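Per our numbering, the sequence shown starts with residue 2, numbered consecutively.
Each remark here refers to the structure printed beneath this line.
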Amino acid sequence: MSALDPPPLPSRFLERCLAILGPAGIVLEPQSIEPYVTDFWRQYRGRAAAVLRPASTEQVAAVVREAARAGVPLVPQSGNTGLVRGGIPDESGRQVVLSLERMTRIREVDPRGEHLVCEAGCVLETVQSKATEIGRLFPLSLGAQGSCRIGGNLGTNAGGVNVLRYGMMRDLVLGLEVVLADGRVWDGLKTLRKDNTGYDLKQLFIGSEGTLGVITAAALKLFPAPKDRQTVWLGIDGPAVALDVFELFREKAGEVISSFELLTGFGVEAACTHLPGVRRPLPEPHPWHLLVELAWSFEDGLSEKLDSVLDRALEMGLVRDGTRAESEAQRANMWRIREGQSEATRHMGFIVRSDVTVPIGKIPELVERMAAWVASSVPGVTLIPFGHVGDGNLHFNFVTPPDRVDELKSVLLERLYDEVAALGGSISAEHGIGRMKCRSLWRRRPALDRELMARIKAALDPQGILNPGVILGEGEERA
Ligand code: FAD
Ligand code: ZN
């Protein structure tokens with residue numbers, strides 16, 4: 002063994018896992034382990050001693066029991082699209098990835114009860130399709146929906162483009178099944194809409210990023226399927242106007258607004274130039290753009306309602322130009338521009354990502370302050386803010402020269418987080434803390450917050466075998 006090799010796993014741990022999982026349930030070859038230790042954008046890489054791939058709740062429970070007995074740290078992973086290094090192991094080589102990807106059964110679908118029970122390894126898009134098949138909607142929707150899985154959506158309390166109307170993942174859950182750190186199975190898989198029987202235990206696990214338990218199945222809420230949908234693209238002057246338009250839409254169309262997304266002209270032009278087949282929805286470039294979607298369950302009539310809102314927006318001089326999707330292809334093109342913001346600018350440098358939220362009225366100030374600071378203090382870096390303005394949540398992508406990432410990454414993020422804190426915001430709206438943001442988080446959160454979280458962690462995982470280093474860790478910044 003060289004000095005660089007990680008210490009081997011405790012004797013017989015892998016043998017016992019092999020006996021539980023069979024050969025299909027265990028990955029040991031470095032090449033095959035690679036996809037489980039590298040993040041979606043290939044910006045970060047950890048090391049794993051092995052990958053375990055259980056196919057049932059019983060198998061998850063059995064391997065967690067073995068890990069607890071042997072003191073082996075486990076990293077729960079579902080689709081591995083997380084953006085904060087929470088689902089890939091650290092660099093020690095001692096951690097073992099526990100992948101839920103083989104647990105893909107949909108256990109129950111109930112249109113009348115409007116719920117669906119599925120396992121943690123179900124791909125989000127599969128769950129959405131299942132709901133559509135029975136004339137319902139599962140509203141969680143995000144760029145990674147073809148790859149991310151329900152376990153990870155729960156682990157991160159995912160957000161996405163429909164939060165404005167339907168809430169975050171934690172609002173979409175009726176019950177959970179969780180394997181605890183000692184290998185016992187907690188059966189909280191209820192499908193009740195109302196249940197006030199003490200602490201709401203399921204909520205503890207949602208958003209805990211794999212540090213408190215391994216979620217194996219969930220009962221998810223379904224909603225009436227929208228039958229009439231309108232998707233609008235507007236060219237506007239800037240974030241302050243975006244809020245005026247938002248207020249107008251809230252006043253006139255309130256509960257039928259599903260999405261309200263903001264984009265920069267720069268990001269839109271980049272998408273139209275670099276993403277194959279994508280076209281700018283409006284003939285001319287504009288400084289900023291809004292993508293707004295409305296939907297309801299009536300068969301029709303929404304278009305006329307939308308006309309009156311748009312007429313009013315024009316009368317008020319809020320929009321420079323606008324268009325609506327007349328076909329599914331046009332709608333897909335609009336959403337491709339929105340979802341492709343990172344992809345379209347990747348070639349320009351290393352993208353330092355962020356995911357912040359402020360009270361919605363503070364969005365223009367935050368954008369202005371950051372744009373001014375970047376222009377004056379970090380030449381060579383391009384700032385691209387975009388995202389869920391209707392939720393007060395923007396992703397600020399800093400496109401950074403690759404050779405300056407080590408020098409600039411924490412400078413850029415800490416400056417953003419300071420501005421966000423000064424405006425009463427949060428450093429993570431939807432992606433979570435993972436291994437990446439621990440330091441930034443604990444620098445800003447009161448000691449009592451940390452103490453309470455550490456006590457919950459100690460109560461549920463006293464040995465610290467579930468995702469050590471995530472949320473309560475010291476943080477790693479290296480790319
Ligand atoms: P993973 O990456 O596998 O894991 C994420 C975290 O959950 C890790 O901490 C992991 O340990 C934990 N975890 C995984 N499975 C379990 C389990 N079974 N039990 C307990 N803990 C578990 N996120 C948003 O919120 N909104 C967006 O709009 C959005 N857009 C994105 C767009 C792109 C292109 C990409 C690449 C990512 C985007 N994300 C977004 C981030 C990511 O897709 C979400 O965080 C998603 O919920 C992660 O799901 P996953 O299955 O990939 O989880
Ligand atoms: Zn987002």
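Cβ coordinates follow ideal geometry from the N, Cα and C atoms, glycine included.
Note that the structure is predicted; figures quoted are calculated from it, not measured.
From the DSSP secondary-structure annotation, give me the bridge partner or partners of residue i.
i, result
"G323", "L235"
"N398", "I385"
"V124", "R150"
"L117", "V110, L221"
"P77", "L99"
"D308", "Its beta-bridge partners do not exist; DSSP assigns none."
"D229", "W297"
"I457", "In the DSSP output, where bridge partners are listed per residue, I457 has none listed."
"R137", "P225"
"I466", "Paired residues: none, contrary to the question."
"T358", "N394, S427"
"V174", "L221"
"I352", "V400"
"A161", "Ala is not the amino acid found at residue 161; the sequence shown has Gly there. The partner list for G161 (beta bridge, DSSP) reads S142."
Closer than 8 Å to a non-hydrogen atom of the ligand ZN - does that hold for the CB of residue i?
i, result
"G161", "yes"
"E294", "no"
"N398", "no"
"G393", "no"
"D450", "no"
"G388", "yes"
"D201", "no"
"R143", "At residue 143 the sequence reads Leu, which differs from the Arg that was named. Result yes, Cβ under 8 Å from the ligand ZN."
"E102", "no"
"D312", "no"
"D111", "no"
"D356", "yes"
When you measure from the CB of residue i to every non-hydrogen atom of the ligand FAD, does any distance come out below 8 Å?
i, result
"H290", "no"
"G435", "yes"
"L260", "Here residue 260 is Ser; the residue named in the question, Leu, does not match the sequence. Incorrect: S260 has no Cβ contact closer than 8 Å to the ligand FAD."
"R150", "yes"
"F351", "no"
"M170", "yes"
"S343", "yes"
"G211", "yes"
"T157", "yes"
"E16", "no"
"T127", "no"
"E59", "no"
"H287", "no"
"N81", "yes"
"I34", "no"
"W42", "yes"
"I216", "yes"
"Q78", "yes"
"E340", "yes"
"N334", "no"
"L276", "no"
"A272", "no"
Looking at residue j and residue i, is the spacing between their C-beta atoms short of 9 Å?
i, j, result
"V233", "L165", "no"
"H275", "H348", "yes"
"G470", "D91", "yes"
"T235", "M317", "Correcting the residue identity first, residue 235 is Leu in this sequence and not Thr. It is not a contact, given that the beta carbons lie outside the stated cut-off."
"S304", "Q204", "no"
"D322", "L291", "no"
"V65", "V180", "yes"
"L264", "Q146", "no"
"A226", "R137", "yes"
"G26", "A56", "yes"
"L442", "I428", "yes"
"L295", "K306", "yes"
"E67", "F139", "no"
"P74", "G465", "yes"
"E102", "S130", "no"
"I207", "M170", "yes"
"I361", "D392", "yes"
"V359", "L424", "yes"
"I237", "W289", "yes"
When every heavy atom of the ligand PLP is checked, does at least one fall within less than 8 Å of the C-beta of residue i?
i, result
"E431", "Absence of the ligand PLP from the depicted structure is noted, with the ligand FAD and the ligand ZN being the only ligands included."
(message) Which complete beta strand (DSSP E) runs does the segment 178 to 218 hold, if anything under 3 residues is left out?
(response) DSSP runs (the beta strand (DSSP E)) wholly in the segment 178 to 218: 186 to 189.
(request) Mind listing, in chain order, the continuous alpha helix (DSSP H) runs of no fewer than 4 residues lying wholly within the segment 252 to 304? (result) Listed in chain order, the complete alpha helix (DSSP H) runs (minimum 4 residues) inside the segment 252 to 304 are 266 to 275.
(request) Would you list, in sequence order, the uninterrupted alpha helix (DSSP H) runs of no fewer than 4 residues that lie entirely inside the segment 398 to 441? (result) Those alpha helix (DSSP H) runs which fall completely within the segment 398 to 441 and span 4+ residues are 406 to 423.
(request) Only counting runs of 4 or more residues, tell me where the alpha helix (DSSP H) segments fall wholly within the segment 27 to 89, in order along the chain. (result) Segments of the alpha helix (DSSP H) lying fully in the segment 27 to 89: 31 to 38, 58 to 71.
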